[in-house]
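Engineer: Structure below; questions to follow.
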Amino acid sequence: MSVFDEYKKELLKPFSDEHSCFLYWKGRVGLYSILKAIGVGPGDEVIIPGFTCVVVPNAIIYLGAKPVYADIDLDSLNVSLDRIKALRTDKTKAVIVQNTFGLSSEPDKIAQWCKEQSLFSIEDCTHGYGSEYKNKPNGSYCDAAFFSTQWNKPFSTGIGGFVITADTKLKVVLATYELELLKPSWIKSISLQLQLFARRLFLNPRTYWTLLRLYRVLSKWNILTGSSSGGEIEGTKEPQDYWMAMAEVQARKGLQALKSLDQRIRLKRKNAESITRFLKGNQKWHVEEAFHADHGFLKYPILVKDRVKFLELAEQNRVELGDWFLSVLHPVRGELTEWNYEVGQCPNGEYVSKHIVNLPLEGKPETLTRFLKDNLAQVL
Ligand SMILES: *Cc1c(COP(=O)(O)O)cnc(C)c1O
Numbered sequence: 110m111s112v113f114d115e116y117k118k119e120l121l122k123p124f125s126d127e128h129s130c131f132l133y134w135k136g137r138v139g140l141y142s143i144l145k146a147i148g149v150g151p152g153d154e155v156i157i158p159g160f161t162c163v164v165v166p167n168a169i170i171y172l173g174a175k176p177v178y179a180d181i182d183l184d185s186l187n188v189s190l191d192r193i194k195a196l197r198t199d200k201t202k203a204v205i206v207q208n209t210f211g212l213s214s215e216p217d218k219i220a221q222w223c224k225e226q227s228l229f230s231i232e233d234c235t236h237g238y239g240s241e242y243k244n245k246p247n248g249s250y251c252d253a254a255f256f257s258t259q260w261n262k263p264f265s266t267g268i269g270g271f272v273i274t275a276d277t278k279l280k281v282v283l284a285t286y287e288l289e290l291l292k293p294s295w296i297k298s299i300s301l302q303l304q305l306f307a308r309r310l311f312l313n314p315r316t317y318w319t320l321l322r323l324y325r326v327l328s329k330w331n332i333l334t335g336s337s338s339g340g341e342i343e344g345t346k347e348p349q350d351y352w353m354a355m356a357e358v359q360a361r362k363g364l365q366a367l368k369s370l371d372q373r374i375r376l377k378r379k380n381a382e383s384i385t386r387f388l389k390g391n392q393k394w395h396v397e398e399a400f401h402a403d404h405g406f407l408k409y410p411i412l413v414k415d416r417v418k419f420l421e422l423a424e425q426n427r428v429e430l431g432d433w434f435l436s437v438l439h440p441v442r443g444e445l446t447e448w449n450y451e452v453g454q455c456p457n458g459e460y461v462s463k464h465i466v467n468l469p470l471e472g473k474p475e476t477l478t479r480f481l482k483d484n485l486a487q488v489l
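The sequence shown begins at 110 in the numbering used here and counts up one residue at a time.
Below, the structure written as structure tokens:
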């Protein structure tokens with residue numbers, strides 16, 4: 110069995126026998142492949158959350174279609190069925206729901222409604238591999254789901270992604286694409302391998318901040334195999350070499366990383382529970398207990414008054430805070446009209462992306478609660 114087949118087999122373990130898996134250089138390439146396979150093109154609309162990563166609308170725009178933004182709810186940080194219904198037109202072709210930090214929207218209800226409406230439903234499950242929603246694996250409610258294994262995702266291969274689907278027609282088309290996708294050059298593979306190696310060697314709590322800054326600068330200049338090339342966050346033109354297959358190094362790394370996934374998910378869920386207790390006890394915004402049941406937690410989102418100041422405080426205290434969702438189309442700031450987003454369309458998404466930071470969940474929760482306690486006035 111090839112390393113790719115072995116990896117697919119492992120990835121499919123939580124899913125039913127009808128599911129198949131397809132591998133890509135990045136998660137976004139998987140999304141693009143799904144959209145292309147179902148015929149999304151000029152004149153079509155795809156409904157997505159107004160609180161996502163810019164690579165999601167990009168994949169739609171590269172195909173000539175239009176992203177339409179549904180606002181999120183403040184408790185789940187996700188879209189609800191009602192908001193999607195309100196945006197449906199006769200041009201709507203597909204709906205993308207998102208797993209956000211491990212929290213699901215209502216993928217069961219939304220997928221069911223899409224079926225009734227003859228719309229294709231897709232789950233952005235880039236935060237959600239390995240956990241469940243109502244006793245079924247994340248990514249199994251919609252017609253197809255795409256996943257990411259970029260640095261900060263549930264398990265990492267540096268960059269990487271895959272699609273899981275049980276849709277008979279889609280499976281056939283994605284299988285033909287496997288033969289058409291560009292193959293990563295050996296330079297790209299080696300560069301990724303070196304970064305994976307360097308990360309294991311050098312990344313520790315003392316070097317974290319310096320290396321993170323260096324990594325961001327270098328990937329912006331396209332020196333490293335970063336998760337987004339400069340152009341991807343500056344505009345809506347499809348980059349060269351975008352539609353690319355997975356490299357062997359990614360599959361090998363993935364097989365290795367999957368071994369500790371369940372243990373890490375359990376630890377993070379446990380730590381998330383103590384943070385929820387702490388925040389709730391202090392009447393701060395928190396992830397409601399209803400969402401704890403079978404959700405995995407990628408990171409713990411919190412809302413703060415002044416994000417810049419809070420990130421500085423965290424750096425001084427060596428707390429590895431994340432700053433995802435700097436805008437409704439992370440990480441693009443400023444003008445978003447090129448992505449068909451007008452200011453004011455998604456007020457909740459805009460509010461949250463102004464105030465959100467995320468806490469790591471793999472350390473000791475006491476370190477985090479102590480830090481939060483010391484800076485409680487900053488927490489919303
Ligand atoms: C990371 C991420 C993606 C894209 O994943 P890649 O593997 O980097 O292409 C898409 N959507 C969300 C919400 C993400 O966080």
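Beta carbons: idealized from backbone N, C-alpha and C, even for Gly.
(1) Taking the straight line between their C-alpha atoms, what separation do you get for SER300 and TRP352?
(2) Rounding to the nearest angstrom, what Cα-Cα distance links THR319 and VAL281 in this structure?
(3) First and last residue of the beta strand (DSSP E) that includes LEU201?
(4) Tell me whether CYS162 counts as near ligand 1, meaning its Cβ is closer than 7 Å to at least one heavy atom of that ligand.
(5) Please confirm whether LEU470 and LYS408 have their CB atoms less than 8 Å apart.
(6) Considering just the uninterrupted stretch of the beta strand (DSSP E) at SER548, what are its terminal residues?
(7) Return the Cβ separation of PRO474 and ILE384 in integer angstroms, given the expectation that the two are a contact with Cβ distance under 8 Å.
(8) I want to check one thing, is the minimum distance from the CB of THR345 to the heavy atoms of ligand 1 below 7 Å?
(9) Would the beta-carbon of TYR250 fall within 8 Å of that of ALA220?
(10) Pick from HIS464, VAL163 and GLU421: whose alpha carbon is nearest that of PRO410?
(11) If you reduce the DSSP assignment to three classes, tell me which class TYR460 lands in.
(12) Would the C-beta of LYS463 count as close to ligand 1, meaning under 7 Å from any of its heavy atoms?
(13) Let me know if VAL155 comes out buried or exposed under the rule of 16 or more other beta-carbons within 10 Å of its beta-carbon.
(14) Could you check what DSSP says for VAL452 in three-state terms: helix, strand or coil?
(15) Quick one: any contact between the region 164-171 and the region 115-122, if contact means 3 or more CB pairs under 8 Å?
(16) Considering THR274, what are the terminal residues of the alpha helix (DSSP H) in which it resides?
(17) In angstroms with no decimal places, state the Cα-to-Cα distance between TRP222 and GLU232.
(18) Going by alpha carbons, who is nearest to ALA275 out of SER129, GLN487, ASN484 and PRO440?
(19) Considering Cα atoms alone, identify which of HIS395, ALA360, ARG322 and LEU132 is closest to LEU489.
(20) So is the beta-carbon of THR235 under 7 Å away from any non-hydrogen atom of ligand 3?
(21) Just verifying my parser: in three-state terms, what is the DSSP assignment at SER230?
(22) What separation, rounded to the nearest whole angstrom, lies between the Cα atoms of GLU115 and ASP184?
(23) Which residues does DSSP list as the beta-bridge partners of PHE256?
(24) Between which two residues does the alpha helix (DSSP H) containing LYS218 stretch?
(25) Between the region 237-252 and the region 206-220, can you find at least three pairs of beta-carbon atoms closer than 8 Å?
(26) Can you give the beta carbon distance from GLY269 to LEU305, rounded, assuming they're within the 8 Å contact cut?
Structural biologist: Short version:
(1) 18 Å
(2) 46 Å
(3) As written in the sequence, residue 201 is Thr, which differs from the Leu given in the question. It spans 201-207 - the beta strand (DSSP E) in which THR201 sits, taken as one unbroken run.
(4) yes
(5) yes
(6) Because the chain here runs from 110 to 489, residue 548 falls outside it and cannot be looked at.
(7) 6 Å
(8) no
(9) yes
(10) HIS464
(11) helix
(12) no
(13) buried
(14) coil
(15) no
(16) Premise fails: THR274 lies in the beta strand (DSSP E), 270-274, not in any alpha helix (DSSP H).
(17) 14 Å
(18) SER129
(19) HIS395
(20) Among the ligands present in this structure, namely ligand 1, ligand 3 is not found.
(21) strand
(22) 39 Å
(23) PHE271
(24) 216-225
(25) yes
(26) Contact doesn't hold; Cβ gap of about 11 Å is too wide.
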